[in-house]
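Numbering (this note's numbering), first residue to last: 434 to 1137.
For reference, the structure discussed in these notes is given below.
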Amino acid sequence: MPVNLSTSLTEIKGIGPGFLMKFKRLGILTVKNLLWHFPSRYEDWSEVANIEELIAGDSKTIHGIVQSIEVKRLWQRKMVIVEALIADDSGSIKAVWFNQPYIKNILKEGVAASFAGKVSERKRELYLSNPTYELINKNFEGGTHTGRLVPIYPETRGLTSKGIRMMTQKVLDSLDKVPEFMPESILIKNELPEINQALWEMHFPDTRESAERAGDRFAFEELFLLQLNNLYQKIALAKEKAPVVESETKEIETILKSLPFRLTPSQEKSILEILGDIKRPRPMNRLLQGDVGSGKTIVAGIAAIVTAKKNHQVAIMAPTEILARQHYKTLTKFFNDFRGGIGLLLSKESRIFYGDELETETKKNNFIKRVADGKIKIVIGTHALIQKNVNFKNLALVIVDEQHRFGVKQRAALMLNGETVPHFLSMSATPIPRTIMMTMFGDLDLSIISELPKGRKEIVTKVVDRINRDKAYAFIRGQVRRGRQVFVICPRIEPEENELVTWATLQTLQIKSVKEEYEKLKKKVFPDLKVAMLHGKMKSQEKEKTMSDFSRGEIDILVSTSVVEVGVDVPNATIMMIEGSERFGLAQLYQFRGRVGRGEHQSFCFLFTESEGRAVQERLKTLVNAKNGFELAEKDLRLRGPGEFLGNEQTGMPDIAMRALKDPDLIKTTREEAQDTIRQDPNLKNSPNLKARFKEFQREVHLE
């Protein structure tokens, strides 16, 4: 039966239901999934030695005959040990395996096999510890798992690298030739192997160099396709029409003078960039980046007011109701003379502000009708704002908090009479490294707020080890007695190695972590203080009540997961205490720290850690001395990889391409090749294979 990339694993002979279930756990359903499940590393078992040549510490392959084999059961330790004696013409050596009793049924006496593993020594006797093995003929020919550079794959419970190797080789042996989609000129120019050769060299390389060359090819192709996608997005958007929102310098100066504070230079620069974009008849697609507390909301608010004063509508979308309410509060506070209507639409609340502190609560149906009639110019809410029943009369600007992209489908849903699409501004407090910015968000223009507002006190940051924990608790109690409040962020719990990683798994682990920390602080450490907790599984009303109680000062200490309510502004919270701080990325720790220091009082950030390792201490000290989130993000990229910013499960891109996001030269090259390809062949008419693969890529990779 012919086998191609779209063939289901259910059609491959020799893969039983048990194996299929295990492959499914790894997201492997088709031949393509299997072949693109790339090795995470390679073990070098290529050096074959005679037994008499072995010395302790060697990692080599031997060929031999099984002389004897026995199973020993250590009942008290609940352990099974398999011991075999292997001999070749030069001598013999013992091999030992733990808790694998089935090996006795495979490695029978007299069987010829190849063994690869580390040579250990105990009581002056050498032995092979848990060696990889495979049966071979008496001439010692063959070798998939030994005697070569052996791929080691990401595994799951009950499915080892050995099993994955066997299936991969089986599939490669019967695979039809895979059509090459990368233009030949690009492969030659960048010295990259053709796809069929690259697949073999990725899984069964002869040398490390050939494995690296194959890896380079697959990383290159993914980034090349991503760059193509970005360029096509930009081209498509440039063809759309958007409302023209004019603004004059005098008008902007009047708005700035009405504020009770002076904007920073980068805030002013960002406003000019945004207002410059929305003057044009094509849609803006811009990301406004700045540290927590750097004043992004006021920049976006000015853009919203300018737009609304020109009789256009603005939608401001936040990830949570609490943040939506916070944005509403900010706009009504600083632009309280605006009479065009600032509205807040939540699941169980709708209110409108018409200037001079006149605010009315209204029924949702009435609110939605007023939006449709254009009588509420600025509408703030969660992403529910783009539901079918909310229709805008003349929407010109969409502002989204902490969502870098706004999809083509979402834009289409907001198109007005099929004629124009709104301008789009995204706000983010996540400092994203330059290389990731260039690739993952390469279709967005960028505005950066690089400094904090004047008058902010520097947050005192301390690394707290096990010995000084009680001192820190005493200090926290003292601050609470003086009327201050405390955020506690719980450690990010990593799943066990073989555990299937899903969002639900991670959330469950986080909630367990919060509950344990809450119980400890409430009952043992601060029984005299008001301690509450917040996590993602709580009902919306519970979360709302807890956050408003905390904001009003009715809770002293709030214990939370790392993902709940990022950006919530509580000026009286002056202490950020982070448990298990070594488990977070530097950029994330920097964001947590930015949640305090919003008010007049001195603020503190305590990085609790159980680790005394030098590397951990040095990394945390980097945060203590950090003045800039972007600098930290670059360090995080080197230390922890792109998953820290994008989420390993969130993009659909192979790990090999994710790792390549650290390489600025590769990113530059793939971008240039993508630009040349579109310049020479705008619709990819001359490259049908590339066109087909590109469409497939757009389905696979989810960047929204």
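The beta-carbon is built from N, C-alpha and C at its ideal position, and this holds for glycine as well.
Model, not experiment: these values are computed from the prediction.
Residue Leu1094 holds the alpha-carbon nearest to the alpha-carbon of Leu1070 among Thr1055, Leu1094, Lys1054. Collapsing the DSSP output to three states places Asp1069 in a helix. Ile488 counts as exposed, since fewer than 16 other C-beta atoms from the protein chains shown sit within 10 angstroms of its C-beta. With fewer than 16 other beta carbons inside 10 angstroms of its own, Trp508 counts as exposed.
Annotated three-state conformation of Pro584 is strand, per DSSP. In summary, Thr682 is exposed, with fewer than 16 beta-carbon neighbours lying within 10 Å of its beta-carbon over all protein chains present. With respect to the 8 Å criterion, Ala1107 and Leu632 are not classified as neighbours on the basis of their beta carbons. In this chain, the alpha helix (DSSP H) harbouring Ala737 covers 729 to 742.
Runs of the beta strand (DSSP E) lying entirely within the stretch 1037 to 1064 and spanning at least 3 residues, in chain order: 1037 to 1041.
Of the residues Pro1097, Gln974, Glu952, the one whose Cα lies closest to the Cα of Met966 is Glu952. Taking C-beta separations shorter than 6 Å and ignoring five residues to either side along the sequence, the partners of Ile775 in its chain run Leu764, Thr765, Phe786, Ile811, following chain order. Per DSSP, Gln974 is not a residue of any beta strand (DSSP E); the alpha helix (DSSP H) it occupies stretches across 973 to 984. Sorting Lys595, Phe1037, Arg914 by C-alpha distance to the C-alpha of Val921 places Phe1037 at the top. Restricting attention to Glu852, Gly648, Gly580, Ala520, the CA atom closest to the CA of Leu468 is found in Gly648.
The three-state secondary structure of Trp478, taken from DSSP, is coil. Between Pro924 and Ile519, the alpha-carbon positions lie close to 48 Å from each other.
Listed in chain order, the non-local C-beta contacts of Ile1111 below 8 Å within the same chain comprise Leu661, Leu664, Tyr665, Ile668, local neighbours out to five positions each way being set aside. DSSP, read as helix, strand or coil, puts Leu656 in helix. Per DSSP, the unbroken beta strand (DSSP E) holding Met860 starts and ends at 856 to 861. Comparing C-alpha distances from Leu582 to each of Thr494, Glu950, Arg650 shows the shortest one belongs to Thr494. Under DSSP, Asn1005 shares a beta bridge with no residue. In the three-state DSSP reduction, Gln759 falls in the helix class (H, G or I). Exposure of Thr687 is indicated by the presence of fewer than 16 other C-beta atoms within 10 angstroms of its C-beta.
Counting only the Cα atoms, Glu503 lies some 55 Å from Lys955.
Ala675 carries a coil assignment under DSSP once its states are collapsed to helix, strand and coil. At the C-beta level, Lys455 and Thr601 stay beyond 8 Å of one another. In the three-state DSSP reduction, Trp530 falls in the strand class (E or B). The C-beta of Pro584 has 16 or more other C-beta atoms within 10 Å across all chains shown, which makes the residue buried.
In the three-state DSSP reduction, Glu852 falls in the coil class, being neither helix nor strand. Secondary structure in the stretch 567 to 650: the alpha helix (DSSP H) runs of 4 residues or longer, each lying completely within the stretch, are 594 to 607, 617 to 622, 628 to 636 in chain order.
An exposed status is given to Pro714, since fewer than 16 other beta-carbon atoms sit within 10 Å of its beta-carbon.
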